[in-house]
Amino acid sequence: MTSGLDHARRIVVKIGSALLVEGQDGRIHRSWLNALADDIADLRRDGREVLIVTSGAIAIGRRLLGLTAGTMRLEESQAAAASGQIRLAHAYQEALGRHEIGVAQLLLTLDDTEDRRRYLNALNTLNTLLRMGAVPIVNENDTVATGEIRFGDNDRLAARVSMMASADALVLLSDIDGLYDRDPKTNNDVTMIHEVEAITPEIMAMGGKARAGDSSGGMETKLIAARIATQAGCNMAIADGRIDHPLRAMREGKPCTWFLARDNPTTARKRWIAGALKPSGSVTVDAGALTALGSGRSLLPAGVTSVEGSFDRGDAVVLNGPDGLEVGRGLVAYSCADARTIAGHKSGEIELLLGYRGREELIHRDDLVMA
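Numbering follows our numbering, with no gaps: position 43 of the sequence shown is 1391.
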């Protein structure tokens, strides 16, 4: 897996506070960040899409506000996040701007990835930004999140973002270069695990608790993130982030630990659609649409003859053929009312019929599973 990044089309890179923040005054490690930006620019020139999940806002902000780690109340942590996030986002803007790469900030809570409507809005934003050539900079929305709705660490947030974005690879840049059979900070005779094919209880037992400092995660949270990512079809790596150009080093063969997914993101997503969702309605298609779907195309409104049930945008629906038998399932891009309005019409008429410009497809092929 030394070339794991070279086979990935869409890559999520997670960066921890310990790598970004240096000194006691909350200064951002600019030279390191510039080197990372060089690596990201190299990946993009090779045709890769890159998303960043970053920590650091609270670590930066608490020092700016004169707060002490470990003693902050919730409102003080939120104030620190609000203060630090501005400086953090600007640092990414400057570092990537050296390569004329635009950035955009997304702040998410756990609820945003659990609630279907908010999940879809976040996903559409991510995909639009990537399509327009920007690098999304994602962080937890600490200013509004409470203990009950926080991820608690950005390793798991990065895994959720990887799942949401159907990423091929997730890289956790850390202050350790991979997973070892025992903690290398307290043991001398240790062995790095270079590839993990399954997150077994034995693998989980290798994780430890988070150490004191700015980071909220530890090896245990990284293993939880690996489970989330690999189940979604995304390979995940734990790699050394303490060096300059860490992504370049990975591509050149520097040892790290790869957690291998059994499926690719598309296969994992379609398996989830086919088997893990309860349909909220049904859509019947004509013979022409059925032929098009069979050749891997999306479902357009023009091929729909009827819409049944009550559903919202993003819900699962059954696809029925002209004879009324189920031919597939998918995630619909419109509510039941809007779907009925545009059924049988060309995509170019959607804006006129609904009063807004929606997607051309009623169900995109990536959200569709044929029986």
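Even for Gly, the Cβ is constructed at its ideal location relative to N, Cα and C.
- I1400 sits close to V1486, with the two beta carbons spaced by under 8 angstroms.
- Around the beta-carbon of T1534, fewer than 16 other beta-carbon atoms lie within 10 Å, marking it exposed.
- Residue E1543 holds the alpha-carbon nearest to the alpha-carbon of G1526 among E1543, D1516, S1514.
- Counting every other CB atom within 10 Å of its CB across the protein chains shown gives P1594 a total of 16 or more, marking it as buried.
- The three-state secondary structure of T1476, taken from DSSP, is helix.
- Annotated three-state conformation of T1578 is helix, per DSSP.
- Under the Cβ criterion (8 angstroms, minimum of three pairs), the segment 1573 to 1593 does not count as touching the segment 1473 to 1493.
- According to the DSSP assignment, G1623 belongs to no beta strand (DSSP E) but to the alpha helix (DSSP H) extending over 1613 to 1623.
- The Cβ-Cβ distance between I1541 and A1574 does not fall below 8 angstroms.
- A direct Cα-Cα distance of roughly 11 angstroms separates N1668 from G1629.
- With a contact defined as Cβ atoms closer than 8 angstroms, L1701 and I1690 qualify at about 5 angstroms.
- In this structure, I1408 places its C-beta atom within 8 angstroms of the C-beta atom of I1376.
- Under the 10 Å beta carbon count, T1615 is surrounded by fewer than 16 other beta carbons and is classified as exposed.
- For R1446, no beta strand (DSSP E) encloses it, and the DSSP letter there is neither H nor E.
- Apart from sequence neighbours up to five positions away, the residues of its chain that approach E1656 with a beta-carbon distance below 7 angstroms are G1629, S1630, ordered along the chain.
- Beyond the five residues adjoining it in sequence on each side, G1706 comes within less than 6 angstroms, by CB distance, of I1698 in the same chain, given in chain order.
- Counting only runs of 3 or more residues that sit fully inside the segment 1390 to 1440, the beta strand (DSSP E) segments are 1397 to 1402, in chain order.
- Judged by DSSP secondary structure, P1532 falls outside any alpha helix (DSSP H); it is assigned neither H nor E.
- Cβ contact annotation for F1607 (same chain, cutoff 6 angstroms, sequence separation greater than five): V1544, A1574, T1578, M1584, in chain order.
- When the five nearest sequence neighbours on each side are left out, the beta carbons in the same chain lying within less than 6 angstroms of the beta carbon of D1387 are those of H1593, L1595, R1596, in order along the chain.
- Out of D1463, R1479, R1465, D1459, the CA that lies nearest to the CA of E1488 is found in D1459.
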